[in-house]
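> Handing you this structure, nothing more for now.
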Amino acid sequence: LEVNVLGLCVMTREFIKQLRERNVDDGHVVLLDSVSGHTVDTDDNGHFYNGTKFAVTAITEGLRTELRGLNSNIKVTAISPGEVATEFMLRKQKIKNPTQEMIQEFYATNFDHVVLQSEDIVSAIIYALSNPSRMQIHDLIVMGSQELY
Numbered sequence: 812l813e814v815n816v817l818g819l820c821v822m823t824r825e826f827i828k829q830l831r832e833r834n835v836d837d838g839h840v841v842l843l844d845s846v847s848g849h850t851v852d853t854d855d856n857g858h859f860y861n862g863t864k865f866a867v868t869a870i871t872e873g874l875r876t877e878l879r880g881l882n883s884n885i886k887v888t889a890i891s892p893g894e895v896a897t898e899f900m901l902r903k904q905k906i907k908n909p910t911q912e913m914i915q916e917f918y919a920t921n922f923d924h925v926v927l928q929s930e931d932i933v934s935a936i937i938y939a940l941s942n943p944s945r946m947q948i949h950d951l952i953v954m955g956s957q958e959l960y
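For the sequence shown, position 93 (counting from the first letter as 1) is numbered 904 according to my numbering, and the numbering increases by one without interruption.
As structure tokens, this is what we get:
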């Protein structure tokens, strides 16, 4: 809750405040959501994580509406990845300081599909930021090529 919702809200508020103080009206807010913000996980305690990501989905839409109400041209995009090979799942299993090798082995062993890599999410963010001013990516769901929703 503190990272996924409160941290996101504070950082977003401060970023928009900085833009407005500098009279920048064509910025772009990119929020990291998750496929979990669009579906309910049935894993043990997964629904709490889902709840935080559903909050991100709602915050994204609310922020976009608020900025439009202010006649702002600041764009708001949510990037919603599926499984990404990060230390997240290992830390969930109480494995501290996993190495990159441990992370890759975990995903290769425990998933029947290829998962995304961090650089795939970077590519999605660059895609969202590189569109013309007339275009806004609202929510970009990014998943591995064999991953099911």
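Ideal Cβ placement from N, Cα and C applies to all residues, glycine included.
1. Which residues in the same chain have their Cβ closer than 7 Å to the Cβ of Asn884, if we skip the five residues on either side of it in sequence?
2. Residue ranges of each beta strand (DSSP E) run of no fewer than 3 residues wholly in the segment 872-903, ordered along the chain?
3. Three or more C-beta pairs closer than 8 Å, one from the segment 915-925 and one from the segment 944-958: is that the case here?
4. Since Val835 is in the beta strand (DSSP E), which residue starts that stretch and which ends it?
5. Is the segment 865-873 touching the segment 839-849 in the sense that three or more CB pairs, one from each, lie closer than 8 Å?
6. Taking the C-alpha atoms as reference points, what is the distance between Leu881 and Val895?
7. Could you tell me which residues DSSP pairs with His839 in its beta bridges?
8. Go through its chain and collect everything with a Cβ distance to Val926's Cβ below 8 Å, but skip five positions before and after it.
9. Report back the beta-carbon spacing between Val841 and Leu874 to the nearest angstrom; my notes put them in contact at under 8 Å.
10. Would you please state the rounded distance, in angstroms, between the beta carbons of Ser845 and Lys864? I believe it to be under 8 Å.
11. When the Cα atoms are used, what is the spatial distance from Arg902 to Asn908?
12. Going by the CB atoms, is the gap between Ile932 and Thr888 shorter than 8 Å?
13. Give the secondary structure of Val851 by DSSP, where H, G and I count as helix, E and B as strand, and everything else as coil.
14. Beta carbon of Ile890, beta carbon of Ile936: below 8 Å?
15. Considering only their Cβ atoms, is the gap separating Glu930 from Ile914 smaller than 8 Å?
On the basis of the data shown:
1. Excluding five sequence positions before and after Asn884, the CB atoms of its chain that fall closer than 7 Å to its own CB belong to Asp836, Asp837, given in chain order.
2. 886-892
3. yes
4. Judged by DSSP secondary structure, Val835 falls outside any beta strand (DSSP E); it is assigned neither H nor E.
5. yes
6. Distance between the alpha carbons of Leu881 and Val895: 36 Å.
7. Lys886
8. Gly893, Glu894, Val895, Ala896, Tyr918, Gly955, Glu958
9. The Cβ separation is near 12 Å, so there is no contact.
10. 4 Å
11. Between Arg902 and Asn908, the C-alpha separation is close to 8 Å.
12. no
13. coil
14. yes
15. No; because the gap between Cβ atoms is not below 8 Å, this pair is not in contact.
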